[in-house]
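Comments concern the structure below.
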Amino acid sequence: MGWWVLHVDLDQFIAAVEVLRRPELRGRPVVVGGDGDPGRARQVVATASYEARAHGVRSGMPLRVAARRCPEAVFLPSDPPAYQAASARVMATLARFPVRLQVYGWDEAFLGADTDDPLALAARIRRAVLDETQLSCAVGVGDNKLTAKHAARFAKPGGIHRLTRDTWPAAMGAKPAADLWGVGPKTAKKLTALGVHTVADLAGTAPDALAGQFGERAAEWLVLSARGAGETTVDTAPWVARSRSRETTFAADLTDRDAIAGHVAALARALGADVVADGRRVTHVAVKVRFASFRTPTRVMKLREGPTTDLDAIERTALAVLDKFDLGEPPRPVRLVGVRTDLEPP
DNA sequence: TCTGGGGTCCTAGGACCC
DNA sequence: TCTGGGGTCCTAGGACCC
Numbered sequence: 001m002g003w004w005v006l007h008v009d010l011d012q013f014i015a016a017v018e019v020l021r022r023p024e025l026r027g028r029p030v031v032v033g034g035d036g037d038p039g040r041a042r043q044v045v046a047t048a049s050y051e052a053r054a055h056g057v058r059s060g061m062p063l064r065v066a067a068r069r070c071p072e073a074v075f076l077p078s079d080p081p082a083y084q085a086a087s088a089r090v091m092a093t094l095a096r097f098p099v100r101l102q103v104y105g106w107d108e109a110f111l112g113a114d115t116d117d118p119l120a121l122a123a124r125i126r127r128a129v130l131d132e133t134q135l136s137c138a139v140g141v142g143d144n145k146l147t148a149k150h151a152a153r154f155a156k157p158g159g160i161h162r163l164t165r166d167t168w169p170a171a172m173g174a175k176p177a178a179d180l181w182g183v184g185p186k187t188a189k190k191l192t193a194l195g196v197h198t199v200a201d202l203a204g205t206a207p208d209a210l211a212g213q214f215g216e217r218a219a220e221w222l223v224l225s226a227r228g229a230g231e232t233t234v235d236t237a238p239w240v241a242r243s244r245s246r247e248t249t250f251a252a253d254l255t256d257r258d259a260i261a262g263h264v265a266a267l268a269r270a271l272g273a274d275v276v277a278d279g280r281r282v283t284h285v286a287v288k289v290r291f292a293s294f295r296t297p298t299r300v301m302k303l304r305e306g307p308t309t310d311l312d313a314i315e316r317t318a319l320a321v322l323d324k325f326d327l328g329e330p331p332r333p334v335r336l337v338g339v340r341t342d343l344e345p346p
């Protein structure tokens, strides 16, 4: 028997859930995001169906751009409770297999399995998810989380693929370093500036040569990742939120201090109510303000009286945190306010 | 046709204490 | 007379992911 890590990744998850309850949409371009009105500004695509992606629609793209690229698309509002429910059904199916299960967001999971035939296991899992939830997924098989994750990308949509440290160089070496899981745009840009373009380039770089730009630990991690090394442990402990936040982007900028404070207070109260309903206590309150310039400072304060469930205290603290900002006089235009509560471990 | 929302983790600097 | 080193707490910001 051998230890394998599998990564299960649902195909176009949010769009697929919508199609499931509106079968007439199957095969059509579907775009989910915001309130579903592509005529309104400041809303972006959460997920596009493959049919919409074929027209160049991408997640994160403004809905208006999506509507322009794909006028025949069906636009739907985002419905998180529906996706949460569908996700729970998928995870319940996965949990019935003799594996270690780590839920990794709505539409992803890592599975750790002791088996001699991981591909057969992957096929059984894919079939079970499809039969029990009518949702299609890709399954990546790897010797660690990184290889499993990338294997799933190769498998998408709806397939099964195996990738290990042995096959990694041939499969990944020529790809841009930016394709690596954990390497975002900022890191990619720095790497390019250092002459490191591909995964193979990065794999062949001495960590010391990168430490100046990224720090020792991150440099080490980058090079190891480029060589296909990753975590092999699958953590089965249920996920426990460390924070919870809510933010609102306004259709039109706010320039009135009382209006800004009113939104912060309302967000803080609503958030506090959610957190308390979950049986958690708040340790810190953070406030985020995004100006029209897109500069987005954040301020945070620890609750004076210690962890609390007192909504008045949470709201009061949020307003005190807001006072730490220099909003300008008169206030500079604000396009977003957000409130985050940090939570005491249960 | 300007750029959502909800998360996690890491680093770094200053305050404060010994 | 002006200079240590370590440890912890706190806050701000960066970066990434789904």
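Quick note on numbering: UniProt numbering labels position 279 of the first sequence as 279, and the sequence is numbered without any gaps. All C-beta atoms, glycine included, are put in the ideal place defined by N, C-alpha and C.
For F154, the three-state secondary structure derived from DSSP is helix. DSSP places M1 in the coil class of the three-state scheme, outside both helix and strand. In this model, W181 and H161 are separated by some 17 Å (Cα to Cα).
In the DSSP assignment, D342 falls within the unbroken beta strand (DSSP E) covering V334 to L343. Per the C-alpha coordinates, the member of G228, P98 and R332 positioned closest to A170 is G228. Note: H284 is bridge-paired with K302 and D342 in the DSSP secondary-structure output.
Within the stretch 80-107, the complete alpha helix (DSSP H) segments at least 4 residues long are 80-95, listed from N- to C-terminus.
Taking a contact to require three or more Cβ pairs closer than 8 Å, the stretch 108-126 and the stretch 69-84 do not qualify as touching. Annotation: A193 to R217 spans about 20 Å, alpha carbon to alpha carbon.
By the Cβ test, the stretch 2-20 is in contact with the stretch 43-54, since at least three Cβ pairs between them sit closer than 8 Å. Take the alpha-carbon of H7 and the one of R257: they are about 47 Å apart. Residue range S243 to L254 is occupied by the beta strand (DSSP E) that includes E247. Non-local C-beta neighbours of Q213 in its own chain, meaning closer than 7 Å and more than five positions away in sequence, comprise K190 and L194, ordered along the chain. Using a C-beta cut-off of 8 Å, the stretch 245-254 makes contact with the stretch 328-344, since at least three inter-stretch Cβ pairs fall below that distance. Judged by DSSP secondary structure, F13 falls outside any beta strand (DSSP E) and instead within the alpha helix (DSSP H) spanning F13 to R21. A straight line joining the alpha-carbon of S293 with that of D253 spans about 11 Å.
In this structure, the alpha-carbon of V300 lies about 43 Å from that of F97.
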